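For the sequence shown, the numbering used here gives the first residue as 99, with consecutive numbering after it. Since the structure comes first, as structure tokens, the remarks are kept for the end.
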Amino acid sequence: MSTSDELDEDFSPESYRTRLDNLMQMRNRLKSVSASATAPRKVVSVTVGNGGELTDLSFPTNAYKTMSRTELAATILRTVAEARTKAMQQSAETLGPILPAGVDFDHLVDGTVEMKDLLPEGISLPPHLAEFFEGRPGGSTGR
Numbered sequence: 099m100s101t102s103d104e105l106d107e108d109f110s111p112e113s114y115r116t117r118l119d120n121l122m123q124m125r126n127r128l129k130s131v132s133a134s135a136t137a138p139r140k141v142v143s144v145t146v147g148n149g150g151e152l153t154d155l156s157f158p159t160n161a162y163k164t165m166s167r168t169e170l171a172a173t174i175l176r177t178v179a180e181a182r183t184k185a186m187q188q189s190a191e192t193l194g195p196i197l198p199a200g201v202d203f204d205h206l207v208d209g210t211v212e213m214k215d216l217l218p219e220g221i222s223l224p225p226h227l228a229e230f231f232e233g234r235p236g237g238s239t240g241r
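Here it is, written out as structure tokens:
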């Protein structure tokens, strides 16, 4: 099969529909990400959604009544952080297969990924875009 045949196949309506369906399924999986965590002694249980936002907070037992406010606040924060980590792992498992080679999901989320690593290999960019993706000063927006 020639390269042009491969390109024709890659951009056929059927291939496009399949890719679009796959992306929609991925989007739905990401939208439905939810993770829960429970603190030791069941002091508090929390659930977070796909963006790490707190969607549920409950106190399954009366154990929280014996804690100081500071201790309870710290326990809640640790439990929310644990649930957020689980939610991020679910998102990473969903998105990982489509990320460019060498791009780490955690670095993408925390903003430390190199912009140039998101581009396909061998792509030529105009100088002002190349500077932007390489993080050089000339690539700034001037704001």
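Even glycine gets a Cβ: it sits at the ideal position worked out from N, Cα and C. Fair warning: this is a prediction, and the values are worked out from it, not measured in the lab.
Between the CA atoms of residue j and residue i - distance to the nearest angstrom
i      : j      : result
GLU232 : ALA199 : 18 angstroms
LEU217 : GLU229 : 13 angstroms
ARG115 : ARG167 : 54 angstroms
LYS129 : ASN148 : 6 angstroms
ARG139 : THR192 : 32 angstroms
GLU180 : VAL131 : 14 angstroms
LEU170 : ALA135 : 15 angstroms
ILE196 : HIS226 : 27 angstroms
Residue i, DSSP secondary structure in three states
i      : result
SER156 : strand
THR210 : coil
ALA133 : strand
VAL146 : strand
VAL178 : helix
Exposed unless 16 or more other CB atoms sit within 10 angstroms - verdict on residue i
i      : result
ARG182 : buried
ALA172 : exposed
THR210 : exposed
SER177 : According to the sequence displayed, residue 177 carries Thr and not Ser. When all chains shown are included, THR177 counts as buried.
Residues near residue i in its chain [Cβ-Cβ closer than 8 angstroms; skip 5 each side]
i      : result
LEU121 : none
LEU175 : none
6 angstroms CB neighbourhood of residue i in its chain, flanking five on each side removed
i      : result
LEU155 : VAL144
VAL141 : ALA161, TYR162, THR173
Cβ of residue i within 8 angstroms of any chain B Cβ
i      : result
LEU227 : Protein chains in the displayed structure number just one, and chain B is not present.
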